[in-house]
Amino acid sequence: MNESKTAVVTGAGGGIGSEVASRLAADGFRVFAFDLHFRDDAWQDDRNRDRIEQVVVDLGDHLAIRSAFEELGGRIESLNALVNCVGIMRRGDALALSDEDWFDTIRVNTTGVYFACREALPLLTKNETSSIANIASNWGLIPAPGHIAYNASKSAVVSLSKSLALDFGKQGVRVTAVCPGEILTPMVEKRLRDNNITEEQLAEPIPIGRVGRPADVAALMSYLVGPESSYVTGGTVEITGGLFS
Ligand SMILES: NC(=O)c1ccc[n+]([C@@H]2O[C@H](COP(=O)([O-])OP(=O)(O)OC[C@H]3O[C@@H](n4cnc5c(N)ncnc54)[C@H](O)[C@@H]3O)[C@@H](O)[C@H]2O)c1
2 MNESKTAVVT GAGGGIGSEV ASRLAADGFR VFAFDLHFRD DAWQDDRNRD
52 RIEQVVVDLG DHLAIRSAFE ELGGRIESLN ALVNCVGIMR RGDALALSDE
102 DWFDTIRVNT TGVYFACREA LPLLTKNETS SIANIASNWG LIPAPGHIAY
152 NASKSAVVSL SKSLALDFGK QGVRVTAVCP GEILTPMVEK RLRDNNITEE
202 QLAEPIPIGR VGRPADVAAL MSYLVGPESS YVTGGTVEIT GGLFS
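Residue numbers for the sequence shown follow the working numbering, so the first one is 2 and each next one is one higher.
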């Protein structure tokens, strides 16, 4: 455990992101949790809560992202890890989706992740090695019907992660796109409610026989930002319980 390591986790106000923040804090990171809203139950009973600092920032606003990292740069020497968990889901095919839903999805899921990476890079490259893990989705690899904006926004995250790995590998920055399948979070709970299906029904086609948990993804993130993954970069890691799409 290294007390001096620092990490930014975006979308850390709930769901997968808050679990990742807790896990990295338990790993010894000082964690800056970026989100617009922090759920009351995000870090209940967390023994490492004192290592997590909440930073309110709109990740759909690139200038706000820039300011947040500039402010952070005034407080810390360098950054060891960035984990982007921020994301929104808007449903609809090309004729059903509103213009606003298209722009919102791209603004948060793609542009927000891009700018978080871009603004973090000067701090990340101050270390000999550092790591970025960006949550895309298995739908960014194989699109799901009726989610054109979300699918496209996540394919872009896969691509921009590979570009960053190519461009900054020599400066010690490793970059991985993480593609989860079904993970039980507020985002998926809403989908279950909207479609009137149960968790058991969602689990039926999943080869491993269960819906994933945020802790499953947090364990993978812990590995990806840690020293054991020092030759892992430029790729996508699927965490789907064996589901292909
Ligand atoms: N849950 C799944 O099954 C699943 C599957 C594949 C990919 N993902 C991806 O994993 C990531 C986390 O998803 P989740 O299920 O935990 O979702 P979630 O909705 O529970 O959490 C997303 C977080 O992002 C924050 N956020 C949204 N817009 C923001 C903005 N403009 N500024 C700041 N924060 C903002 C929300 O407040 C929330 O805390 C997302 O990128 C999602 O697309 C989730």
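All residues carry an ideal CB built from backbone N, CA and C; glycine is no exception. Predicted, not measured: the structure shown is a model, and the values here were computed from it.
Using the Cα positions of residue i and residue j, report the straight-line distance between them to the nearest angstrom.
i	j	result
G29	R211	30 Å
E1	Q172	Since the first residue shown for the chain is 2 and the last is 246, residue 1 is missing from the structure and cannot be characterised.
V109	H63	9 Å
F245	F33	33 Å
R194	E201	13 Å
S138	S131	23 Å
G93	A145	11 Å
T237	V176	9 Å
E72	I66	10 Å
N197	L185	15 Å
R48	A27	8 Å
S223	I207	24 Å
H148	G16	20 Å
L25	F35	14 Å
D102	L165	27 Å
P215	R192	16 Å
G227	I143	28 Å
Y115	A204	32 Å
E239	N152	15 Å
A97	T111	21 Å
S231	D217	20 Å
Around the C-beta of residue i, are 16 or more other C-beta atoms found within 10 angstroms, so that it is buried, or is it exposed?
i	result
T199	exposed
I209	exposed
V57	exposed
S99	exposed
I133	buried
T11	buried
L167	exposed
S68	exposed
S154	buried
R50	exposed
I53	buried
A219	buried
A95	exposed
A8	buried
R76	exposed
Taking the Cβ atom as the reference point for each residue, do residue i and residue j lie within a distance shorter than 8 Å?
i	j	result
G242	G182	yes
L60	A117	yes
A135	V179	A small correction: the amino acid at residue 135 is Asn; Ala does not occupy that position in the sequence shown. Going by C-beta atoms, N135 is nearer than 8 Å to V179.
V80	A121	This sequence places Leu at residue 80; Val is not what is there. In this structure, A121 lies closer than 8 Å to L80 by Cβ.
L124	G74	yes
G14	A43	yes
R40	K6	no
V157	T106	Correcting the residue type first, residue 157 is Ala in the shown sequence and not Val. Not a contact, by the Cβ cut-off of 8 Å.
V233	L225	yes
K163	G235	yes
T126	V159	no
Would you verify that the beta carbon of residue i is, or is not, closer than 8 Å to some beta carbon of chain C?
i	result
A145	As a matter of chain content, chain C is missing from the structure shown, which is built from one protein chain.
**Request:** Determine, using beta-carbon pairs with one atom in the segment 80 to 89 and one in the segment 10 to 21, whether at least three such pairs fall under 8 Å.
**Result:** yes
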